[in-house]
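Written out below as structure tokens is the structure these notes cover.
Protein chains: 2
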Amino acid sequence: MTNLEKRLSSHAAFIEAALERQLCGDILTMESPMTQAMQYAVLGGGKRIRAFLTIEFCCMFGGTPEGAADYACAMEMVHGYSLVHDDLPCMDNDDMRRGLPSCHKKFGETVALLAGDALLTQAFYCIGSHGTEASYAANSLAVRALSRCAGALGMCAGQQIDLAMNVQNFDALKTLHRLKTGALMEAACLLGYYAAKGTPDPITEEKLRTYAQNVGLAFQIVDDLLDVNSTAEMLGKPIGSDAKNGKCTVLNFLSEEEALAEAQRLSREAAKLFADYENSSCICQLPMYLLHRKK
Amino acid sequence: MTNLEKRLSSHAAFIEAALERQLCGDILTMESPMTQAMQYAVLGGGKRIRAFLTIEFCCMFGGTPEGAADYACAMEMVHGYSLVHDDLPCMDNDDMRRGLPSCHKKFGETVALLAGDALLTQAFYCIGSHGTEASYAANSLAVRALSRCAGALGMCAGQQIDLAMNVQNFDALKTLHRLKTGALMEAACLLGYYAAKGTPDPITEEKLRTYAQNVGLAFQIVDDLLDVNSTAEMLGKPIGSDAKNGKCTVLNFLSEEEALAEAQRLSREAAKLFADYENSSCICQLPMYLLHRKK
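Shown next, in the form of structure tokens:
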């Protein structure tokens, strides 16, 4: 096991425990179908890439995993809410997620919709209730970044483009992924930085955004390649589902070889951005690691 | 026209212009069905009670309407999102809202769901992008208050209880209204205070919460009374719809006279809370004014 794999594993366990505290502890004293659906949607699964980025960048910039935990939870909650709502019948109508029934298949549409709303809201509570007075600046910056990246100029705009299904060329597909996937990766990286530093810094922020967008697009390209080359068992969902749903993928515009080469190029570019920083080895290795994932 | 009526009218016009800037300006450069639905859901309607509370408390505590505008926009966006999602077929399945087709009747379920998500997110952007460094503390406090009041321990919890439809007594109904309506009123009042002061103050915050809960519950009681005594034309929706939908109202537990007396008591209690404050006349008159509304 490489050092990166060790940290991926330890951060994932760390964030799982933090999410359990946020979603099962005192905060949610009212047990209900909604709170159960919130837990179902967020706990016990996923690669935790966004939380990893938040924690790892926080550490790279001099902070600790503990100092990044609340923001990392916020990232996973927003990611979780987006999956719950995207899976709904009026959206992508997906019955399976991570090898299990999607949230609305298990709890019904009403509860799933409500749980998604509550998760999105709870994400901002994680940020707004983080730390003491000394964290106010970081909290305010984190809220601005996350809301910009997740909203009508970010992830929601990406979903709108995805639903319109009129992606005509590779540039348009890149725009879709920049908004639907990259934007939330941006937020994850920025929140790690804010958790450590608590001040804006346009040059660093721009680097973080570029890193995030490269990793995000490479991630989506690999997703598209896995969708045709993996197995349903491995992915936890039917393979070839993109084509079946009429979704445009990178393979509409590039051959598999070209797509892989593009993902490699993006990953190399990302890795270079923080090569000169201390304690950046995991940040630099992550893009190439994600390229070789099997699910 | 009383001074209160003048201020209700001028604040409503002021917040309408602020919302237009937030929802039609540079921020939403990508015109799409989603952005149109966001505008449809929030602009050009409603009593703007929440925005009024935010602006008026900000002024009472020494701030200005301009200083409260971003937070007041946030309040109206969260309120707007909640109506869009509550009207969806899997929730209350309401076709009409304010005398017009509800958002999903006009734009379809998919776009309405997405627009609601984006409005909730944009509300936090309004707060997180407010002001300069001097506003970071207020922004952080405002995010915490709004997310607590709107989320799984506030408005979403209220919606969950409402959907479960097992309200057995007046106390349970009060809990429902405290969460579904009162919590957002709380946030509106607290955000006005934070916009002016930017520091926590438990005693003032508790007073604001009590005021908000009294006004919120009185508001709901009047809603229930109007639902049986008003006209569809006046309300912009069919009368008697609560009973038709099997919703529990205050009239399940109290006579009309008892209900009105309770609303009057709550309004008087609210008015008393800030009677000793300077520039509090509108805050003190508002509860009684809302009691006599016709829609």
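So the sequence lines, in the order shown, correspond to chains A and B. No gaps in the numbering here: position 265 of the first sequence is 265 in the working numbering, and each next residue is one more. Residues are numbered in the working numbering as their position in the second sequence, beginning at 1, plus a constant of 1000. Every residue gets a Cβ at the ideal spot worked out from N, C-alpha and C, and that includes glycine.
| Can you round the beta-carbon distance between aspartate 224 of chain A and leucine 251 of chain A to whole angstroms, since I take them to be within the 8 angstroms contact cut? | In the first sequence, the residue the question calls residue 224 of chain A occupies position 224. In the first sequence, the residue the question calls residue 251 of chain A occupies position 251. The Cβ separation is near 6 angstroms, so the contact holds.
- request: Thinking proline 89 of chain A and glutamate 76 of chain A are a contact (beta carbons under 8 angstroms), I'd like their distance in whole angstroms, please.
  value: The residue labelled residue 89 of chain A in the question sits at position 89 within the first sequence. The residue labelled residue 76 of chain A in the question sits at position 76 within the first sequence. Contact flag wrong, Cβ pair sits at about 24 angstroms.
#### Entry: Closest by C-alpha distance to isoleucine 1175 of chain B, when choosing among A/His11, A/Met30, A/Gln220
Locating residue 1175 of chain B in the second sequence gives position 175, where the first residue counts as 1. As written in the sequence, residue 1175 of chain B is threonine, which differs from the isoleucine given in the question. Per the Cα distances, A/Met30.
For leucine 1100 of chain B, the residue or residues it bridges with in DSSP: Looking up residue 1100 of chain B in the second sequence gives position 100. Answer by DSSP bridge pairing, in chain order: B/Arg1097.
Open item on the list: Contact defined as beta carbons within less than 8 angstroms: I believe alanine 1172 of chain B pairs with phenylalanine 1107 of chain B. What is the distance between those atoms, to the nearest angstrom?
Closed with: As a first step, residue 1172 of chain B must be located in the second sequence, where it is residue number 172. As a first step, residue 1107 of chain B must be located in the second sequence, where it is residue number 107. With a Cβ gap of about 35 angstroms, alanine 1172 of chain B and phenylalanine 1107 of chain B do not count as contacting.
With a cut-off of 8 angstroms, does the C-beta of alanine 1152 of chain B fall near any C-beta of chain A? By one-based count along the second sequence, residue 1152 of chain B stands at place 152. Output row for alanine 1152 of chain B: interface = yes.
| Minimum Cβ-Cβ distance from glutamate 258 of chain A to chain B less than 8 angstroms | Numbered from 1 along the first sequence, position 258 holds the residue referred to as residue 258 of chain A. Not closer than 8 angstroms to any Cβ of chain B, the Cβ of glutamate 258 of chain A fails to qualify, so no.
Can you give me the start and stop residues for the alpha helix (DSSP H) that alanine 1123 of chain B sits inside? Here the question's residue 1123 of chain B lines up with position 123 in the second sequence. From DSSP, the alpha helix (DSSP H) with alanine 1123 of chain B extends over 1109-1128.
| said: Quick check on serine 82 of chain A: buried or exposed, where buried means 16 or more other Cβ atoms within 10 Å of its Cβ? | reply: The residue you call residue 82 of chain A lines up with position 82 of the first sequence. Burial call: buried.
Query raised in the report: Do we get a CB-CB distance below 8 angstroms when we pair leucine 113 of chain A with the residues of chain B?
Result: Translated into the one-based positions of the first sequence, residue 113 of chain A becomes position 113. Leucine 113 of chain A counts as touching chain B.
I need the straight-line Cα distance from glutamate 56 of chain A to aspartate 1227 of chain B, nearest angstrom please.
Along the first sequence, one-based indexing puts residue 56 of chain A at 56. Along the second sequence, one-based indexing puts residue 1227 of chain B at 227. Cα-Cα distance, rounded: 55 angstroms.
TODO: With DSSP as the reference, label lysine 6 of chain A as helix, strand or coil.
DONE: Indexing the first sequence from 1 puts residue 6 of chain A at position 6. If DSSP states are grouped into helix, strand and coil, lysine 6 of chain A belongs with the helices.
Checklist entry - With a CB to CB cut of under 6 angstroms and the five nearest residues on each side skipped, what residues in its chain are close to isoleucine 1015 of chain B? => result Numbered from its first residue, the second sequence carries residue 1015 of chain B at position 15. For isoleucine 1015 of chain B, where only same-chain residues beyond five positions count, the Cβ hits under 6 angstroms are Arg1048, Ala1051, Ala1072.
Stretch-stretch touch, CB-based, cutoff 8 angstroms, three pairs: the stretch 1146-1153 of chain B with the stretch 146-157 of chain A
no
Fill in: serine 9 of chain A at chain B interface by Cβ criterion, 8 angstroms
Reading the first sequence from its first residue, position 9 is the one you call residue 9 of chain A. Taking Cβ atoms only, chain B never reaches closer than 8 angstroms to serine 9 of chain A, which makes this a no.
Could you tell me the distance, in whole angstroms, from the CA atom of threonine 1035 of chain B to the CA atom of alanine 1183 of chain B? Mapped onto the second sequence, residue 1035 of chain B falls at position 35. Mapped onto the second sequence, residue 1183 of chain B falls at position 183. Each residue's alpha carbon lies about 27 angstroms from the other.
Label alanine 1017 of chain B either buried or exposed according to how many other C-beta atoms from any shown protein chain fall within 10 Å of its C-beta, with 16 as the threshold for buried.
-> On the second sequence, residue 1017 of chain B is found 17 positions in, with the first residue counted as 1. Burial call: exposed.
- Query: For leucine 1119 of chain B versus alanine 1188 of chain B, is the C-beta distance shorter than 8 angstroms?
  - Reply: As a first step, residue 1119 of chain B must be located in the second sequence, where it is residue number 119. As a first step, residue 1188 of chain B must be located in the second sequence, where it is residue number 188. No. Outside cutoff.
Would you say phenylalanine 1124 of chain B reaches chain A, if we count a Cβ-Cβ gap shorter than 8 angstroms as a contact?
By 1-based counting over the second sequence, the position of residue 1124 of chain B is 124. Taking Cβ atoms only, chain A reaches closer than 8 angstroms to phenylalanine 1124 of chain B, which makes this a yes.
Extent of the continuous alpha helix (DSSP H) run through cysteine 1058 of chain B = Locating residue 1058 of chain B in the second sequence gives position 58, counting from the first residue. Residues 1049-1060.
*asked:* Once the 5 residues before and after alanine 259 of chain A are set aside, which same chain residues still bring their CB inside 8 angstroms of it?
replied: Along the first sequence, one-based indexing puts residue 259 of chain A at 259. Cβ neighbours of alanine 259 of chain A beyond the five flanking positions: Ile221, Asp224, Leu225, Val250, Leu251.
#### Entry: Enclosing alpha helix (DSSP H) for serine 1147 of chain B [first to last residue]
For this step, residue 1147 of chain B is matched to residue 147 along the second sequence. Per DSSP, serine 1147 of chain B belongs to the alpha helix (DSSP H) from 1136-1150.
task = Taking C-beta pairs closer than 9 angstroms, name the residues in chain B that histidine 85 of chain A reaches, listed in chain order.
result = For the purposes of this step, residue 85 of chain A is identified with residue 85 of the first sequence, where counting begins at 1. The answer, in chain order, is Leu1113, Leu1114, Asp1117.
Practice problem: Pull up the distance between the alpha-carbon of histidine 1292 of chain B and that of glutamate 1005 of chain B, whole angstroms please. | Solution: Residue 1292 of chain B sits at position 292 when you count from the first residue of the second sequence. Residue 1005 of chain B sits at position 5 when you count from the first residue of the second sequence. If I take the Cα positions, the gap works out to 13 angstroms.
In or out: threonine 1054 of chain B buried (at least 16 other Cβ within 10 Å) or exposed? Taking the first residue of the second sequence as position 1, residue 1054 of chain B is located at position 54. It is buried - the Cβ of threonine 1054 of chain B has at least 16 other Cβ atoms within 10 Å.
Cα separation between alanine 271 of chain A and threonine 181 of chain A?
-> Along the first sequence, one-based indexing puts residue 271 of chain A at 271. Along the first sequence, one-based indexing puts residue 181 of chain A at 181. Each residue's Cα considered, the two are about 18 angstroms apart.
Discussion item. Strictly under 8 angstroms for the Cβ-Cβ distance: is glutamine 36 of chain A near chain B by that measure?
Written reply: Residue 36 of chain A sits at position 36 when you count from the first residue of the first sequence. Interface annotation, glutamine 36 of chain A: not in contact with chain B, CB-CB separation never under 8 angstroms.
| field | C-alpha gap between tyrosine 289 of chain A and cysteine 282 of chain A, whole angstroms | value | Here residue 289 of chain A corresponds to residue number 289 of the first sequence, with the count starting at 1. Here residue 282 of chain A corresponds to residue number 282 of the first sequence, with the count starting at 1. Rounded to the nearest angstrom, the two C-alpha atoms are 10 angstroms apart.
Just to check my reading of the structure: valine 1084 of chain B and glycine 1044 of chain B have Cβ atoms closer than 8 angstroms, yes? What is that Cβ distance to the nearest angstrom? Here residue 1084 of chain B is taken as the residue at index 84 of the second sequence, counted from 1. Here residue 1044 of chain B is taken as the residue at index 44 of the second sequence, counted from 1. Wrong, their Cβ atoms sit about 15 angstroms apart, outside the cutoff.
Inter-residue Cα distance where the pair is alanine 1261 of chain B and leucine 1141 of chain B:
Against the second sequence, residue 1261 of chain B aligns to sequence position 261. Against the second sequence, residue 1141 of chain B aligns to sequence position 141. Their backbone Cα atoms lie some 36 angstroms apart in a straight line.
Assigned secondary structure, lysine 247 of chain A (DSSP; H/G/I helix, E/B strand, else coil): The sequence position of residue 247 of chain A within the first sequence is 247, counting from 1. Coil at lysine 247 of chain A, not helix or strand.
If you measure from the CB of tyrosine 71 of chain A, is any heavy atom of the ligand FMN nearer than 7 angstroms? The ligand FMN is absent from the structure shown, which contains no ligands of any kind.
- Message: Just to make sure I have the definition right: I need the residues of chain B whose C-beta is within less than 8 angstroms of the C-beta of leucine 88 of chain A. Which are they?
- Response: Within the first sequence, numbered from 1, the residue matching residue 88 of chain A stands at position 88. Near leucine 88 of chain A (Cβ distances below 8 angstroms), the residues of chain B are Leu1113.
Review point. In chain B, what lies closer than 8 angstroms to leucine 176 of chain A by C-beta?
Key: Looking up residue 176 of chain A in the first sequence gives position 176. Ordered by position in chain B, no residue passes the 8 angstroms Cβ test against leucine 176 of chain A, which lies about 12 angstroms from the chain.
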